[in-house]
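Structure record follows, encoded as structure tokens.
In the numbering used here, the protein residues as written are 259 to 1251.
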């Protein structure tokens, strides 16, 4: 326990006052005699100091936090060590003012006004997003770790302690005895995934920010309980109460930030701020016009069907008449400009429109339930017309063109809602489309300072990264038949209570009937986004049609344009989609036999279907869950939670997804392998069971049939006939044996799996460096191997995950096809290698540490091609340079040269080494296959070492365009957690000979 006046670090720091006490130690304000400034010192508690793991994490994360330079993050200066006791203390920037908890208590009613709370959260979000861009999480956001200066600047504290929670016990059960280092205040802000013992993400920090926002506005936390187990149950299973002082729109924003799964939250903290700002602005859309037009079509639905034909004129007249009535009752809509309505389309507004449509008066219960179900299920949106040709689409449009009601325009594309009727007029369909991101975060406005109020100072905020538009891919070539989702006939009035929602059935139609518009079933289909070619963002200038027989008042001017626009079918001029040839069929794999089967070669996955960004995310989530199920052997059981079920759901959204097809093949192969083992032991019933389950997967039917035939032959062996006597063989000269193939020469290039590899000859070298504390030099011998000449690019990686996006760094692109892929985890890099092995045969994998260093250093002869002349480094590699330091505000030293790049460069832009390896140093760091251990070199095998058997972090090698000169050499070792996504880390592969 330190007292006022005590001195620390040899008398450099003099204690002035105690600022607070936390579970990890006490915080004091001290005066730095050398710098003549006040600093904050966190003295680590004896309990924490006794834990070597906690101290290791403290040092590691202080080094990470020391790199963070942002106006909303407190600066970390150094680690002070007491010379006599060895006790460590963290020396940080002293932030005057009060913490957020005290600030809230100072406000009237102990709550913060929404506008002020938004300004506070905006600054916190800016600091968190900056830290996340550096691949650093906070993990302990709470009011005590946020301070507001007298000038209204918000500062985040305790980034250096962010990884404490990784070393504490936060498993499936959390109680006070297990969480000595986790205070009750911290628990209240933990995200559900942290309570479940899963690894935190950036969305975990966002959850804590949402809880903090909730507390600022209401004065209470979303969930309150003194018992940790009760609190855990509430966080995992209950929804936070809606706040009465917030509107429904605002409550939805807060609820999304507090969602139970990271995927359901916002993509970034800035997105949370943007959504909250949008919810505080008044609505500007003429909703009455849109809803009345839609409800006009809906209200006339029950009267459209006569003798098996749809009456287009009735629906048009109903929509026109009700639109006229709406404008007659609200004349102010005449003066409302409609162009902003088309350009300011956001997801939240579209959601509100859907909600308003479902809840609108005049719809029957059955219609409302049907419409709500379809609007909620976004998988249905693209299911119907994914495989229709342009002629067939024109037939569908001609059959139902009068039922296309325009409901909005986003990014130059119109959004249509198809309202189609069945026998008694029940509604069937809706539409969906990818929506653009909201506008950027505006600079924060000054926050009312804590009392007393000194002069406010402005706070800069980093500029967010603009979102890039995505171009939809062409529709795939049509197949022989099209599958259409239909509703069963609507129930009668008497049966509605028992069966309120109609079931779905799948039917197949003749293409000719669809193209000619003859098949009545074509008029009953699910909604679809019809993305017409981009048009002017202003309201379309359409001359109104003269219709003297039209019922209702005759209007002209703006209203005439509205009505003419509602009547127009803008799809007639839509250009036909580009047709792609059908993908080649994969070769059939070999039958089951006693010998190990050769690797199965699958065809390249076809181009992905045109799906929305949200649907692509859902497909990726389903694929990830399916991979976990396959690893856990949940292939076809349990019934509703197995790999095959999830893969089928993924294919329903994206029928051409190559990864889903590959995983289905993997499931079949797994069952066939089990059947083969059971066949050898003559367990016939087990073989039958495995083959039956393999048939349910629905792929490789021929292979399964061969396995069944092999089973039948083994069960009922045929009597062997005596072989015919062999005639006397005459002597014939034998051909000379072919000479053994020569070994590849060093640096020889070959192409495997559409990736260039170079041959690295076997040999021995001195691995490690005396300058690196965890890289003790030792001699290692290696066999020859193929090493990818370049780092795996975005183009290479998107063959496996077609929608993958490496994103950008501070607005600078990382996603070019020839740039190295970034922000991939170790597990994803390993998954790409396994996929490549299945697809092309052979064994692809991540390199071992020894293989990587051997190839990068040309057998130990060249740790750095520029040797000690740092000014020449930019001639050989993309490295950290002075321009980077100025552009991104980095404090660590750069190389004293310019290479012309601010972020990663296209592969091969710099010279290769003597073995043909490009970019081994610089550009992006690279995942290695080995687990990391600082002491491994002392026990490493001297021949072909592959690293420790297990560990917590994976090795990373090579340095990147961000790293200082001392980190960029072939012997330098680094390590990261395998689920890290970093803009500075990619990978390359080894192919075994």
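Backbone N, C-alpha and C define an ideal beta-carbon position, used for all residues, glycine too. This structure is a prediction, so every number in the text was calculated from the model and none was measured.
Pick from the options that is closest to residue i, judged by C-alpha positions
{"i": "residue 384", "options": "529, 1238, 354 and 1228", "result": "529"}
{"i": "residue 1012", "options": "947, 1097 and 1087", "result": "1097"}
{"i": "residue 286", "options": "292, 298 and 293", "result": "298"}
{"i": "residue 895", "options": "869, 929 and 1142", "result": "929"}
{"i": "residue 948", "options": "483, 1175, 497 and 891", "result": "891"}
{"i": "residue 1191", "options": "1212, 1171 and 1094", "result": "1212"}
{"i": "residue 465", "options": "965, 270, 451 and 1130", "result": "451"}
{"i": "residue 1077", "options": "388, 522, 1168 and 282", "result": "1168"}
{"i": "residue 899", "options": "327, 883 and 352", "result": "883"}
{"i": "residue 230", "options": "525, 1070, 961 and 1027", "result": "Absent from the structure is residue 230, since the part of the chain shown begins at 259 and ends at 1251."}
{"i": "residue 323", "options": "277, 279, 304 and 389", "result": "389"}
{"i": "residue 870", "options": "1237, 1021, 911 and 907", "result": "911"}
{"i": "residue 1197", "options": "1035, 1005 and 1127", "result": "1035"}
{"i": "residue 468", "options": "458, 523, 490 and 507", "result": "523"}
{"i": "residue 1245", "options": "508, 1100, 1049 and 1176", "result": "1049"}
{"i": "residue 521", "options": "460, 473 and 505", "result": "460"}
CB of residue i within 8 Å of CB of residue j, strictly
{"i": "residue 1180", "j": "residue 1217", "result": "yes"}
{"i": "residue 470", "j": "residue 399", "result": "yes"}
{"i": "residue 1189", "j": "residue 1209", "result": "yes"}
{"i": "residue 415", "j": "residue 404", "result": "yes"}
{"i": "residue 942", "j": "residue 973", "result": "yes"}
{"i": "residue 881", "j": "residue 933", "result": "no"}
{"i": "residue 1091", "j": "residue 1178", "result": "no"}
{"i": "residue 888", "j": "residue 921", "result": "yes"}
{"i": "residue 1248", "j": "residue 1045", "result": "yes"}
{"i": "residue 1109", "j": "residue 1043", "result": "yes"}
{"i": "residue 330", "j": "residue 381", "result": "yes"}
{"i": "residue 925", "j": "residue 893", "result": "yes"}
{"i": "residue 1202", "j": "residue 937", "result": "no"}
{"i": "residue 1052", "j": "residue 1075", "result": "yes"}
{"i": "residue 908", "j": "residue 955", "result": "no"}
{"i": "residue 408", "j": "residue 366", "result": "no"}
According to DSSP, residues forming a beta bridge with residue i
{"i": "residue 1023", "result": "1038"}
{"i": "residue 1051", "result": "1078"}
{"i": "residue 1017", "result": "1044"}
{"i": "residue 334", "result": "350"}
{"i": "residue 1201", "result": "1039"}
{"i": "residue 265", "result": "272"}
{"i": "residue 1009", "result": "1014"}
{"i": "residue 1234", "result": "1212"}
{"i": "residue 869", "result": "For residue 869, which the question treats as bridged, DSSP gives no partner whatsoever."}
{"i": "residue 1244", "result": "1184"}
{"i": "residue 312", "result": "In the DSSP output, where bridge partners are listed per residue, residue 312 has none listed."}
{"i": "residue 390", "result": "According to DSSP, residue 390 bridges with nothing at all."}
Sequence-distant residues of its chain with Cβ nearer than 7 Å to residue i (five each side left out)
{"i": "residue 794", "result": "The pLDDT assigned to residue 794 is 31, lower than 50, so where the model puts this residue is not dependable; a value taken from the coordinates is nonetheless given after this. No residues qualify anywhere along the chain."}
{"i": "residue 1159", "result": "1136 and 1219"}
{"i": "residue 602", "result": "Residue confidence for residue 602 is low, a pLDDT of 32 falling below 50, so the modelled location carries little weight and cannot support an answer."}
{"i": "residue 276", "result": "284 and 286"}
Closer than 7 Å: residue i CB and nearest the ligand COA heavy atom
{"i": "residue 413", "result": "Only the bare structure without any ligand can be found here, which leaves the ligand COA out of the picture."}
Neighbourhood of residue i by C-beta, 6 Å cutoff - its chain only, sequence neighbours within 5 removed
{"i": "residue 1123", "result": "1134"}
{"i": "residue 1102", "result": "1091, 1094, 1095, 1247 and 1249"}
{"i": "residue 429", "result": "Below a pLDDT of 50, predicted positions are generally treated as unreliable, and residue 429, at 30, falls in that range; no measurement from the model is reported."}
{"i": "residue 1071", "result": "none"}
{"i": "residue 1231", "result": "1032 and 1033"}
{"i": "residue 346", "result": "302, 337 and 339"}
{"i": "residue 951", "result": "894 and 929"}
{"i": "residue 244", "result": "Because the chain here runs from 259 to 1251, residue 244 falls outside it and cannot be looked at."}
{"i": "residue 493", "result": "450, 453 and 481"}
Same chain, Cβ closer than 8 Å to residue i, neighbours up to 5 away in sequence not counted
{"i": "residue 274", "result": "262, 286, 287, 288, 289 and 296"}
{"i": "residue 1121", "result": "1027, 1115, 1227, 1228 and 1229"}
Sequence ranges, alpha helix (DSSP H) only - wholly within the region 1057–1105, length at least 4: 1084–1098
Any alpha helix (DSSP H) of 4 or more consecutive residues that is wholly inside the region 454–514: 460–476 and 486–495
Inside the region 921–975 only - alpha helix (DSSP H) runs reaching at least 4 residues: 942–955 and 959–973
Complete beta strand (DSSP E) runs within the region 1145–1200 (minimum length 3 residues, chain order): 1183–1189
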